[in-house]
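Protein chains: 2
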Amino acid sequence: MSVQERKQRERAERERLIVATARELAEQQGWDAVTTRRLAESIEYSQPVLYSHFRGKREIIGAVALQGATEMAVAVRAATAAADGPRARVAALAHAYLDFAARNPAVYDALFQLDGGLAYAQEDTPEPLKDAFAALLESLGEVAGDGVHPGLFTETFWAALHGLATLTRAGRLPPEDTERRVELVVDRLAIA
Amino acid sequence: MSVQERKQRERAERERLIVATARELAEQQGWDAVTTRRLAESIEYSQPVLYSHFRGKREIIGAVALQGATEMAVAVRAATAAADGPRARVAALAHAYLDFAARNPAVYDALFQLDGGLAYAQEDTPEPLKDAFAALLESLGEVAGDGVHPGLFTETFWAALHGLATLTRAGRLPPEDTERRVELVVDRLAIA
DNA sequence: TCGGTTGTCTAGCGATGCTAGGATCGAATC
DNA sequence: GATTCGATCCTAGCATCGCTAGACAACCGA
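These protein sequence lines are chains A and B, in that order.
Each residue of the first sequence is one higher than the one before, starting from 1 at the first, in UniProt numbering.
Each residue of the second sequence is one higher than the one before, starting from 1 at the first, in UniProt numbering.
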């Protein structure tokens, strides 16, 4: 048994290496630079090895996305836990979210822009994605206001943040006034 | 002179055909299906002809984006002109915007998701893009509220709409509750 | 009618995601 | 310790992509 276990361990380790390398490559040079050849060379294996772990490039993107979702949930919860009062929690959440998007653009793309073959907002949605949404809901549900469904409010607030994040990074919005836009969103949308 | 004029006319006509065909193909089968080969075949010319009009695929996307910006500005102005009062104008604007995004997904992508080689929010930004933003500003500036810069408010409101549009279309938000989310954005962000 | 410009096409380059088929290595059996 | 056999991995290649060089033809002005 020990032999098979060792092989399984090594295989799992290699899979982690693939995902980590893909992520690193994507953050450094963009997802376009993450080709199966370059990725294979980086992990010092041949291309077909990638396909013994993942169905294709899409699934690799998906794996990076799941990793990112877990980290984002942690970041959001850490930020909100350190804030006092609903209003402060929402502000902290907004900043943590945008900060994550700015610091990990490739991961953010994998999560919300690219096709990673993942199901969103459905029953078979992977747990990390559900949990990331739950992390938002925990703080945003407090400030939905009377008669407004917390889930719906969270979705709407999230969409506003997503719009700011993507338009800014794509050069559609000048980055200087980001702070003031965030304040506007928090002040107006949240009912504390 | 007449001969040269005729040639110029024909050339301009073919350029329009390229853009229109690219747009059509993109709407029907997605931008991935818009390859230079398929596009060339559709217009019944060889590939290099495309490059005598545009630097490359990017510029073709950019041309579709500019066309879309003009149409969006028209749609938004038509919707707001038919509404009475600032609050109703903003609601009409929001619906017109999301309606445009839903009806022309490929054009919307060309405008705000893909790289069309265009400059945004700068001095050398093409006129159609500036004008589309101006169309938003005309109605949104009215409801920015005291002490809030109209341009900044417009950017923020736009980002919220953009977030809703993209997350919904990418399957990240269930489409059923779109209407209620829009109401929320309009009610909370706009100060009538 | 001729020369030259202008326009267009054929053919091909390097790169992409992905896969078939053979080679090689290691574990289990005699 | 030798041998078989299955798992594992790599070489090589396919179709397709964006883009371009160079040959060819058509047309205009003289």
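Even for Gly, the Cβ is constructed at its ideal location relative to N, Cα and C.
- Approximately 42 Å separates the beta-carbon atoms of B/L184 and A/T35; this is outside 8 Å, ruling out the contact.
- The Cβ atoms of B/D124 and B/A73 lie no closer than 7 Å to each other.
- Assigned with DSSP and collapsed to three states, B/T154 falls in helix.
- Identification of chain A residues near B/E59 by a Cβ-Cβ cut-off of 7 Å yields none; the smallest Cβ-Cβ distance measures about 17 Å.
- The Cβ-Cβ distance between A/A79 and A/L111 does not fall below 7 Å.
- A Cβ-Cβ contact shorter than 7 Å links A/D177 with B/L152.
- Approximately 5 Å separates the beta-carbon atoms of B/A135 and B/V76; this is inside 8 Å, confirming the contact.
- Within 7 Å of the CB of B/G171, the CB atoms of chain A belong to Y120, in sequence order along the chain.
- Here the C-alpha atom of A/L164 lies approximately 24 Å from the C-alpha atom of B/W31.
- Judged by DSSP in its simplified three-state form, A/V148 adopts coil rather than helix or strand.
- Those residues of the stretch 81-100 of chain A placed with their C-beta closer than 9 Å to a C-beta in chain B do not exist.
- Here A/P86 has E142, V143, A192 as same chain residues with Cβ atoms under 7 Å from its own Cβ, once five neighbours each way along the sequence are excluded.
- By the Cβ neighbour-count rule, B/P48 is exposed, with fewer than 16 other Cβ atoms within 10 Å of its own.
- Using a Cβ-Cβ cut-off of 7 Å, B/T178 does not count as an interface residue toward chain A, since no Cβ of chain A sits closer than that to its own.
- If one requires a minimum length of 4 residues, the alpha helix (DSSP H) runs lying completely within the stretch 111-186 of chain A are 127-140, 150-169, in chain order.
- With distances taken between CA atoms, B/R169 lies nearest to B/D99 out of B/D115, B/D99, B/D146, B/L189.
- The alpha-carbon of B/A40 is positioned some 25 Å away from that of B/T70.
- Listed by position along chain B, the residues whose Cβ is nearer than 9 Å to that of A/G163 are T156, W158, A159, A160, L161, H162, G163, L164, A165, T166, L167.
- Unbroken alpha helix (DSSP H) runs of no fewer than 4 residues, entirely contained in the stretch 6-68 of chain A, are found at 36-42, 47-53, following chain order.
- Taking the Cβ atoms as the reference, B/A94 lies roughly 14 Å from B/A82, outside the contact range of under 8 Å.
- When DSSP states are grouped into helix, strand and coil, B/D99 belongs to the helix group.
- Against chain A, the CB of B/P174 has a partner CB under 7 Å away; the residue lies at that interface.
- Between B/A190 and B/V90, the C-beta spacing is below 7 Å.
- When the Cα atoms are used, A/Q67 and B/V148 turn out to be separated by approximately 38 Å.
- DSSP places B/D109 within a helical segment (H, G or I) once states are collapsed to three.
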